[in-house]
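Engineer: The numbering used here puts the first residue of the sequence shown at 18, with every later residue one more than the last.
C-beta atoms are modelled at their ideal positions from N, C-alpha and C, and glycine is treated no differently.
Keep in mind that this is a model prediction, so the values were computed, not measured.
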Amino acid sequence: MSVSEILPDGCVDVVFRLSASSIETLLFGPVTRKISFPLRADSEYFGVRFRAGHASRFLSHRPAEMVNRYGSIGMFPILNGEQFINLRTFQDRCSLLEDTLLSSLAREDVRPDVIDWAVRTIECGKGMVEVGPLARTCDLSLRQFERRFGERVGLAPKTFCRVVRFQHALSALRGGLSGNLANLAAEFGFANQSHFIRDFKSLCNYLPSDFVGS
Numbered sequence: 018m019s020v021s022e023i024l025p026d027g028c029v030d031v032v033f034r035l036s037a038s039s040i041e042t043l044l045f046g047p048v049t050r051k052i053s054f055p056l057r058a059d060s061e062y063f064g065v066r067f068r069a070g071h072a073s074r075f076l077s078h079r080p081a082e083m084v085n086r087y088g089s090i091g092m093f094p095i096l097n098g099e100q101f102i103n104l105r106t107f108q109d110r111c112s113l114l115e116d117t118l119l120s121s122l123a124r125e126d127v128r129p130d131v132i133d134w135a136v137r138t139i140e141c142g143k144g145m146v147e148v149g150p151l152a153r154t155c156d157l158s159l160r161q162f163e164r165r166f167g168e169r170v171g172l173a174p175k176t177f178c179r180v181v182r183f184q185h186a187l188s189a190l191r192g193g194l195s196g197n198l199a200n201l202a203a204e205f206g207f208a209n210q211s212h213f214i215r216d217f218k219s220l221c222n223y224l225p226s227d228f229v230g231s
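(1) Between the C-alpha atoms of residue 172 and residue 49, what's the straight-line distance to the nearest angstrom?
(2) What first and last residue would you give for the beta strand (DSSP E) that runs through residue 30?
(3) Using only the alpha-carbon positions, how far apart do residue 139 and residue 168 sit?
(4) Quick test of the definition: if touching needs 3 or more C-beta pairs under 8 Å, does the region 33–41 touch the region 67–82?
(5) Straight-line CA distance for residue 119 to residue 166?
(6) Please classify residue 30 as buried or exposed, where buried requires at least 16 other C-beta atoms within 10 Å of its C-beta.
(7) Can you tell me which of the three DSSP states residue 65 falls into?
(8) Got a sec? Which residues, its chain only, sit under 7 Å from residue 64 by beta carbon, not counting five neighbours each side?
(9) Please classify residue 141 as buried or exposed, where buried requires at least 16 neighbouring CB atoms within 10 angstroms.
(10) Using the rule of at least 16 other Cβ atoms within 10 Å of the residue's Cβ for burial, across every protein chain shown, is residue 161 buried or exposed?
(11) Tell me whether residue 201 is buried or exposed, calling it buried when 16 or more other Cβ atoms sit within 10 Å of its Cβ.
(12) Would you check if there are 3 or more beta carbon pairs closer than 8 Å linking the region 98–114 to the region 181–199?
(13) Please state the DSSP three-state secondary structure of residue 22.
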């Protein structure tokens, strides 16, 4: 049986497991460590990834309740499962899912708020953002900010910063831009190379060198 590995990225994933006559919907919460998911040989898999803070607009499940977990949620609430399983091409499934999500979004009064802005600020800052000043910019106390951020994203702001920084470091390693690990550690704000390696391994159980040029 093959296995899919999920590394921390702050996202929530909805994965559809399709067999010949049935469809199962799996919800993967945000992770702070590597998660391994077994893939069945008799099934097809199709999924959608919600960027940090956006899944709650489509799902009743709270991201904070699904951290480092995955499980079946029966059917995706807004999707016609019978129609979906009868489609045979990847593009047709993409089109149906995109239309369904956009239609659902259009029925809601969705406007960006301070948490959306905070998530984007952390992403643009590659995770190297101080949480205290960010909370003050959002006109919230630190406790209020942490509570609202955690409810929306599922992770504490500092944890999300770690995850975002990890993802940018991982992209640099995979892109062959590593130079040497000491320079990469400095680029991403780590105290030293040992700190970088320790933090990296705690999030994915791999060493940075395992990804160089991969």
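Structural biologist: Well, looking at it:
(1) 9 Å
(2) 29–35
(3) 17 Å
(4) no
(5) 24 Å
(6) buried
(7) strand
(8) 30, 31, 32 and 33
(9) exposed
(10) exposed
(11) buried
(12) no
(13) strand
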